[in-house]
Amino acid sequence: MGSVGEKYTSPYCTASCVLTKAQDLQEFKEACIQPPKTERSGAAAESTLHDVVIQLQQHWGSTFQGSAIVWRMWANSITRNLNRSTWTGAISDPPPEHVANLLNAADSRLEQHIANLNRSSRLALDCVAAAIADNEQIRRDADALDTQ
Numbered sequence: 001m002g003s004v005g006e007k008y009t010s011p012y013c014t015a016s017c018v019l020t021k022a023q024d025l026q027e028f029k030e031a032c033i034q035p036p037k038t039e040r041s042g043a044a045a046e047s048t049l050h051d052v053v054i055q056l057q058q059h060w061g062s063t064f065q066g067s068a069i070v071w072r073m074w075a076n077s078i079t080r081n082l083n084r085s086t087w088t089g090a091i092s093d094p095p096p097e098h099v100a101n102l103l104n105a106a107d108s109r110l111e112q113h114i115a116n117l118n119r120s121s122r123l124a125l126d127c128v129a130a131a132i133a134d135n136e137q138i139r140r141d142a143d144a145l146d147t148q
């Protein structure tokens with residue numbers, strides 16, 4: 001994305017256009033390329049980073065679990081490239097290795113089902129153990145009555 005009069009083909013549009021005025025080029029960059037909000041340093045603003053985190057969680061939340069800081073690290077690695085037109089593709093890409101090492105696999109339905117079965121079996125075992133303890137107490141009480 002260079003200068004006035006240079007042909008630009010967007011990866012997200014089927015048509016290409018030639019921007020002939022510097023003002024058109026600047027408006028195009030502001031609308032399609034540059035982050036919507038930046039800090040004085042030129043980095044993506046907090047609100048922009050937050051928006052990317054939300055998009056990452058919507059796209060990858062059923063696959064990965066991680067703390068808020070890990071999602072922010074991932075978003076930061078995407079927004080470091082200030083060319084906003086690349087962000088959608090980067091959000092769809094798997095996480096970079098330094099982030100992937102910090103993420104956990106999201107619970108699947110099978111894992112949730114197994115966890116529910118484990119809870120149910122522990123509850124059933126607790127009920128049986130309580131019934132056995134009650135039965136032993138009744139037996140002791142009956143033996144005590146017989147000896148009197």
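Last residue of the sequence shown: 148 in this note's numbering, with the numbers rising by one and none dropped.
Ideal placement from N, C-alpha and C gives every residue a C-beta, glycine not left out.
Asked                                                                                                                      : Found
According to DSSP, is Q65 helix, strand or coil?                                                                           : strand
Just to confirm, is the Cβ distance from S62 to A124 under 7 Å?                                                            : no
Whose CA, out of D146, I69, I138 and Q148, lies closest to the CA of A100?                                                 : I69
Using DSSP bridges, identify the partner residues of N104.                                                                 : Q65
Grab the span of the alpha helix (DSSP H) containing Q148 for me, first residue to last.                                   : Premise fails: Q148 is in no alpha helix (DSSP H) and is neither H nor E.
Give the straight-line distance between the Cα atoms of L150 and V128, rounded to the nearest whole angstrom.              : No information on residue 150 is available, as it lies outside the stretch 1 to 148 that the chain covers here.
Give me the Cβ distance between P96 and S77, rounded to the nearest whole Å; I'm assuming they're in contact under 8 Å.    : 6 Å
Taking the alpha-carbon positions, what's the T88 to R122 distance?                                                        : 46 Å
Entirely within the stretch 86-140 and at least 4 residues each: give me those alpha helix (DSSP H) ranges in chain order. : 87-92 and 97-100
Quick check: the Cα distance between Q137 and D126, rounded to an integer number of angstroms?                             : 16 Å
Where does A144 sit, in a helix, a strand or coil, going by DSSP?                                                          : helix
Determine the closest residue to S47 out of H59, F64 and T79, with distance taken between C-alpha atoms.                   : T79
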